[in-house]
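Have a look at the structure below before the remarks.
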Amino acid sequence: MSAITRDEVAHLARLSRLALREDELDHLAAQLDEIISAVAKVQEVAQGDIPPTSHALPLTNVYRPDEATPGLPPDQALAGAPAVEDSRFRVPQILGEEE
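Be aware that the sequence shown starts at 76, since it is given in our numbering, and climbs by one per residue.
Set out below in structure tokens:
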């Protein structure tokens with residue numbers, strides 16, 4: 076007996092608003108049964124002291140440590156700016172502002 080029936084596939088198709096032909100229902104029922112069987116086999120193996128994993132190989136963080144460093148003084152930061160106003164970068168206005 077299959078783990079999922081043809082009627083269950085038809086019900087899922089209706090819920091998903093999928094129009095499936097009669098032969099597609101039988102075909103999908105068989106495929107879903109195989110998938111459920113494969114998942115059941117994995118569940119049998121993954122028991123006990125085997126920890127769950129998300130990757131086959133261990134991953135390590137390749138980023139440098141986050142350490143605070145002093146920033147540039149405003150004069151140095153603005154030295155290469157094409158336009159400066161009130162110790163800030165001056166940029167063209169993009170959106171209209173009411174004054």
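Cβ atoms here follow ideal geometry from the backbone N, Cα and C, with glycine treated the same way.
Which term fits residue i, buried or exposed, when burial requires 16 or more other beta carbons within 10 angstroms of its beta carbon?
i	result
residue 114	exposed
residue 84	buried
Taking the alpha-carbon positions, what's the residue i to residue j distance?
i	j	result
residue 142	residue 87	53 Å
residue 128	residue 164	49 Å
residue 76	residue 125	Because the pLDDT of residue 76 is 43, which lies under 50, any placement of that residue in the model is unreliable, and the number read from its coordinates should be weighed accordingly. When rounded, the distance between both Cα atoms is 31 Å.
residue 117	residue 131	15 Å
residue 170	residue 139	39 Å
Does the ligand GTP have a heavy atom nearer than 6 Å to the CB of residue i?
i	result
residue 91	This structure lacks the ligand GTP, and indeed carries no ligand of any kind.
How about residue i and residue j: are their beta carbons less than 7 Å apart?
i	j	result
residue 100	residue 81	yes
residue 78	residue 111	yes
residue 162	residue 149	yes
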